[in-house]
Amino acid sequence: MSKLEHRVYQKLLKVPKGKVTTYGELAKAVGLENGQRVIGQIMNKNPFPVIIPCHRVVKSDGKIGGYYYGEKVKTKMLSDEGISVKNGKIQDWKETIFRF
DNA sequence: CGGCTGGCGTCGT
DNA sequence: TACGACGCCAGCC
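Throughout the first sequence, residue numbering follows our numbering, covering 809 to 908 in sequence.
Here it is in structure tokens:
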């Protein structure tokens with residue numbers, strides 16, 4: 809695992825349950841101002857889906873975005889953590905997002 | 001080193 | 001609101 813991936817996972821682990829972050833925020837958090845897609849690649853290759861909460865990473869416009877196991881699963885996991893999702897979008901977006 | 005690919009982001013229509 | 005077109009950047013040919 810590269811240094812970059814390691815940093816990304818560490819940052820992601822700081823996101824508390826019940827909150828989410830975005831690909832862009834996460835990218836900036838590890839030093840990549842415009843590396844949003846890279847975050848996606850890393851999440852997709854996530855070797856520890858159990859300890860890495862990649863379902864807490866969503867798109868900057870409040871939409872859920874993709875997920876290795878499917879958006880339905882991602883949506884369910886988020887709602888189980890107390891985040892309301894409607895039509896593939898986060899409801900109280902501003903209140904739910906976590907900023908580093 | 002060059003070209004392509006994506007769990008994205010932003011802007012224009 | 002919903003597409004399409006670009007831009008972005010690490011990783012894999």
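For glycine and all other residues, C-beta sits at the position ideal for the given N, C-alpha and C.
Looking only at its chain, what residues have a beta carbon closer than 7 Å to the beta carbon of residue i, apart from the 5 residues adjacent to it on each side?
i: Met851; result: Cys862, Val865
i: Thr904; result: Lys827, Val828, Ile891, Ile898
Ignore the nearest five residues each way along the sequence and tell me which others in residue i's own chain have a CB closer than 6 Å to its CB.
i: Glu879; result: Ile872
i: Tyr817; result: Ile860
i: Gly890; result: Gly826
Counting C-beta neighbours from all protein chains within 10 Å, is the total for residue i 16 or more, i.e. buried, or is it exposed?
i: Gly870; result: buried
i: Glu813; result: buried
i: Lys902; result: exposed
i: Lys822; result: exposed
i: Tyr876; result: exposed
i: Lys882; result: buried
For my contact list, residue i and residue j are in at a C-beta cut-off of 8 Å; report their separation, rounded to the angstrom.
i: Ala837; j: Phe908; result: 5 Å
i: Ser868; j: Gly896; result: Ser868 to Gly896, Cβ: 14 Å. No contact.
Can you give, in chain order, each stretch of the alpha helix (DSSP H) that sits fully within the region 838-907 and has at least 4 residues?
844-853, 879-888, 901-904
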